[in-house]
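>
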Amino acid sequence: MDDIRSGKIPASEELKLAMDYIEFKLNDADVFINAEKINKAVELIERYFELKLLNWELFVLALVHCYYKSKDMVVFDEFLIVMGRGNGKNGFISPLIWYLTTQYHGVKGYNVDIVANNEEQAKTSFEDVYNVLDRTWAKSKKFFYKTKEIIRNVKTGSYIKFNTSNAKTKDGKRTACLVLDELHEYVDYSTINVFTRGFGKRKHSRIFKITTNGYVRGGVLDEELEMAEKVLTGEIKDLGLLPLIYKINKKEDAENPDMWVKANPSLPYFPELQKEM
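First residue of the sequence shown? That's -7 in our numbering, and the numbers climb one at a time after it.
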């Protein structure tokens, strides 16, 4: 957080505001950050998915594990993560949802529904998890059941499913974690409402809205960004929304490779990505 505030890590104006907002939320004496769960999540994800979590991913993972002690509720129940193309948002959300279904997260029936506008996008994170289970099946079969349509943790009874915008009905009361992938593709909230109706009944329910900026104007993403601005500027203080907006604010920054990290925080770790850009 200090590196973003000081400018050591180039960041969008929205992300700088988010640092103040996060500090304000976490300064509440009732807030507990579960370091034990954070460390276990990092260990499991890095071991099973054979990756090294990046700084921005570790940051989000830590914020997932912030709780109000008196109410046993999460501090942030909705994450809006906006970033540039090629940054690996699914590469992070896939191991995160896998972990959330395990006994180490500690919530039984922590059902995960992934929603996207098309089946290919909806299946991206599902298939990431499926492939990891396939590779580690000698060990994972003790803990998971899998088909091409559903992944279920046998210890917690939690599932991972993918859904498309064609879904007409959905019992949101069964869902504990909702992933809305590529939010910018939604023109209105009709599909989202199908999945959020009744949502939030499960313990520690969370929504992850992950997206690039896209080209649809006047749609869902623009409305979400307006709400994010109100939260970050302090106009609205009582929501569990956490906006993490990685973007370039100034036109001249788009022409300066040193500033591209503002939109793509993974860029310093992957030189080949910088070449593509």
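The C-beta atom is built at its ideal place from N, Cα and C for all residues, glycine as well.
Use the C-beta contact count for glycine 80: other C-beta atoms within 10 angstroms, 16 or more gives buried, fewer gives exposed.
That one is buried.
> Return yes when the Cβ of alanine 220 is within less than 7 Å of the Cβ of leucine 72, no when it is not.
Going by C-beta atoms, leucine 72 is nearer than 7 Å to alanine 220.
> Could you tell me whether the Cβ atoms of tyrosine 271 and asparagine 103 are closer together than 7 Å?
Here the chain comprises residues numbered -7 to 269, so residue 271 is not present and cannot be evaluated.
> Look at leucine 213 and leucine 175 and say whether their C-beta atoms are less than 7 Å apart.
Yes.
> Could you name the residues that DSSP lists as bridge partners for aspartate 105?
Partner(s): Lys153, Leu170.
> Could you name the residues of the same chain whose beta carbon sits closer than 6 Å to that of glutamine 113, not counting the 5 residues immediately before and after it, in chain order?
Within the same chain, glutamine 113 has close Cβ partners Asp173, Glu174.
> Does DSSP classify proline 235 as helix, strand or coil?
Here proline 235 sits in strand by DSSP.
> Where does valine 212 fall in DSSP's three states?
Three-state result, valine 212: helix.
> What are the partner residues of valine 23, as DSSP defines its beta bridges?
Answer is Tyr60, bridged to valine 23.
> Once DSSP output is grouped into helix, strand and coil, what is the label at lysine 222?
Lysine 222 falls in the helix class under three-state DSSP.
> Give, in chain order, every unbroken run of the alpha helix (DSSP H) that is at least 4 residues long and sits entirely within the region 95 to 145.
The region 95 to 145 contains these whole alpha helix (DSSP H) runs: 111 to 127, 129 to 132.
> According to the Cβ coordinates, are tryptophan 48 and proline 257 closer than 7 Å?
Yes, the Cβ-Cβ distance between tryptophan 48 and proline 257 is below 7 Å.
> Is phenylalanine 16 helix, strand or coil when you go by DSSP?
Here phenylalanine 16 sits in helix by DSSP.
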